[in-house]
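Below is one structure; the comments refer to it alone.
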Amino acid sequence: MQFAVQTANPAKAETDCVVVPVFRDGDLLPAAGKLDDASERLIGQLIERGDFDAHLANVLMVPFAPGLCAARLMLVGLGERAECREAGFLKALDAASEALMKLPADDAVITFADVPLPGRGSDWKARKVLEAITRAGYRFERFMSSPAPAPRLQKLTLTAADNDDARRVDAGAREGLALGEGINYTRTLANLPGNVCTPRYLAAEAEALADESGGMLTAEILDEDALTTLGAGSLLSVGRGSVEPTRLIVMHYRGADNPDEAPHVLVGKGITFDSGGISLKPGAGMDEMKFDMGGAASVFGTAKAILGLRPEMNLVFIVAAAENMPGSAATKPGDIVTTLKGLTVEVLNTDAEGRLALCDALTYAERFEPASVVDIATLTGAAIIGLGHHASGLLANDDGVARAMLDAGETAQDRAWQLPLWDEYQQQLDSNFADLANIGGKPAGTITAGCFLSRFTEAYPWAHLDIAGTAWHSGDNKGATGRPVGLLTQYLLDRQNEADAAPDER
Ligand code: BES
Ligand code: MN
Ligand code: ZN
């Protein structure tokens, strides 16, 4: 998607479609007012005659627009002015974006940057516009013999009030585009079937990202021999039952002037298929366990967004990739494995494999002396029970990182909700035979999974995101959401802004 920013009167814009948000009270926003003036009050009349009800996310296509240079006019309802917040703004924007993709329009002008939103500037709004448009243009049709025709839209022009505003809109749009592309990349990786997207496929993907980065990103792949030499017995135990070999994928983004500046590290769970292993899952819905690399996919997508934005900071992206299958060599309930950290783990349930893969990757992260570490994982079904599909679960050993993650989630509107990581829960992981067990029983499954990981993250400030409920949709629109790329990218950009604001404290 190409984008441009204009300060000129939108009524003069020669475009295939002009998109205009409208509040229910009929008081038109500045851009809408100009369009209304130029079109002999077309918008006002449509509202007065009851032909357009501006309820939230209602879209009316007006295929001719007399008086305007645009070929079409799209009105988008914003609902009640007094109730307009981020969620409503985004709902209207998504409806408009989806409607735009169905039009025979190569370009469009969109006037969403002048919607008043308490606490959000036009940079935020422009970012969301580009993100929404990029997401709406996404198709996953690689395996369809006759895919539907691709959306036509190639170019989007955003309107701005004046030159200062145009600079903010331009900066926001640039971020939104990079973010949207990162999100779509995450969706594609996660949507790929398990027989295509294997640990080796993800490793090749890291090498491809590095190749196209122009030297900003380097990739290092640890194969099973390297992991054996290293002592990553826990990660290796997960892939034992599969013919697909396990990989630890490490990508370095070096954007800081000072090469030694402490990096922020993201660690993704990359179980490319989770059958449960010997503790086999029930059959219904098992296909969705191809999404069990959603954490890894979000790490890749965030890396892609970062490569689009090139912030001046150092980052490390780690993916623990394995396939969890039953087989004669598979790890069995009761087996004891030795982690990279040296702690032994009694594997009481081979379906609690994510933590076994992640713990070694988290220990590996210590060598980078990180400023912070965030792991992202489709870790527990209990996260869906606790939070449903709206919030990711957050656990952290550091209040600063937790606050920063929650704030980033609000800004990105890709939200998380914190659960306690109190010591009282730790004893649920006691084992009679090893240093700890890999399951903590039924109560508080998301928390005890976090407790397990916390035993491996004592060396740095750390947060864990359980995205079991947020990484994909089930049902008719089954598919990856691209979450939490928005949250993660925002978290990282905020860390850079914070460092810029306090340069002496690095
Ligand atoms: N990948 C699953 C978690 C999951 C399940 C995510 C369903 C999304 C939907 C994870 O590996 C798993 O199987 N967790 C077990 C842990 C249990 C055995 C302690 C679970 O949640 O049932
Ligand atoms: Mn599992
Ligand atoms: Zn899993």
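In the numbering used here, the protein residues as written are 1 to 506. Virtual Cβ for every residue (Gly too), placed ideally from N, Cα, C.
Closer than 7 Å: residue i CB and nearest the ligand ZN heavy atom
i           : result
residue 354 : yes
residue 274 : yes
residue 338 : no
residue 292 : yes
residue 271 : yes
Spatial neighbours of residue i in its chain, beta-carbon cut-off 7 Å, leaving aside the 5 residues before and after
i           : result
residue 296 : 202, 268, 269, 270, 319 and 321
residue 431 : 346 and 437
residue 185 : 300, 301 and 304
residue 506 : Because the pLDDT at residue 506 is just 48, under 50, the model does not fix this residue reliably, and the value given afterwards should be weighed accordingly. So the list reads 261 and 499, once near-sequence residues are dropped.
residue 471 : 190, 291, 294, 378, 480, 481 and 483
residue 490 : 408, 411 and 412
Extent of the continuous alpha helix (DSSP H) run through residue i
i           : result
residue 199 : 199 to 211
residue 180 : 163 to 191
residue 466 : Not the alpha helix (DSSP H): residue 466 falls in the beta strand (DSSP E), residues 462 to 466.
residue 268 : Looking at the DSSP string, residue 268 is not in any alpha helix (DSSP H); the run it does join, the beta strand (DSSP E), is 264 to 274.
residue 292 : From DSSP, residue 292 is part of no alpha helix (DSSP H); its letter is neither H nor E.
residue 238 : 233 to 239
residue 101 : 86 to 101
residue 134 : 122 to 136
residue 439 : Residue 439 -> no alpha helix (DSSP H), and no H or E assigned at all.
residue 44  : 42 to 48
residue 33  : 30 to 38
residue 224 : 224 to 230
residue 430 : Counting along the chain, residue 430 falls outside any alpha helix (DSSP H), and DSSP gives it neither H nor E.
residue 357 : 354 to 365
Any non-hydrogen atom of the ligand BES within 7 Å of residue i CB
i           : result
residue 130 : no
residue 349 : yes
residue 436 : no
residue 320 : no
residue 381 : yes
residue 470 : no
residue 378 : yes
residue 277 : no
residue 384 : yes
residue 439 : yes
residue 445 : yes
Buried or exposed (CB count within 10 angstroms, at least 16 for buried), residue i
i           : result
residue 61  : exposed
residue 258 : exposed
residue 385 : exposed
residue 96  : buried
residue 17  : buried
residue 76  : buried
residue 128 : buried
residue 124 : buried
residue 247 : buried
residue 87  : exposed
residue 356 : buried
residue 35  : buried
Any non-hydrogen atom of the ligand GTP closer than 7 Å to residue i Cβ
i          : result
residue 58 : With respect to the ligand GTP, the structure shown offers nothing to examine, as its ligands consist of the ligand BES, the ligand MN and the ligand ZN.
Limits of the beta strand (DSSP E) - the one that residue i falls within
i           : result
residue 422 : No beta strand (DSSP E) contains residue 422, which DSSP labels as neither H nor E.
residue 405 : That residue, residue 405, is in no beta strand (DSSP E); its alpha helix (DSSP H) goes 399 to 412.
residue 247 : 247 to 254
residue 155 : 155 to 159
residue 497 : Run containing residue 497: none in the beta strand (DSSP E); it sits in the alpha helix (DSSP H), 485 to 501.
residue 61  : 59 to 62
residue 21  : 18 to 22
residue 344 : 344 to 346
residue 372 : 372 to 377
residue 6   : 2 to 6
residue 452 : From DSSP, residue 452 is part of no beta strand (DSSP E) but of the alpha helix (DSSP H) over 445 to 454.
Beta-carbon proximity list for residue i, same chain, < 6 Å, skipping 5 on both sides
i           : result
residue 556 : Outside the shown range of the chain, which is 1 to 506, sits residue 556, and nothing can be said about it.
residue 461 : 372, 398 and 401
residue 316 : 252, 263, 265 and 368
residue 447 : 419 and 425
residue 396 : 402 and 463
Contact test: residue i Cβ vs the ligand MN heavy atom, cutoff 7 Å
i           : result
residue 324 : yes
Residues near residue i by beta carbon distance below 8 Å, same chain, minus five either side
i           : result
residue 149 : none
residue 216 : 253, 254, 255, 307 and 310
residue 427 : none
residue 416 : 391, 392, 393, 394, 405, 406, 409, 465, 484 and 487
residue 69  : 11, 12, 13, 14 and 15
residue 332 : 278, 347 and 350
residue 501 : none
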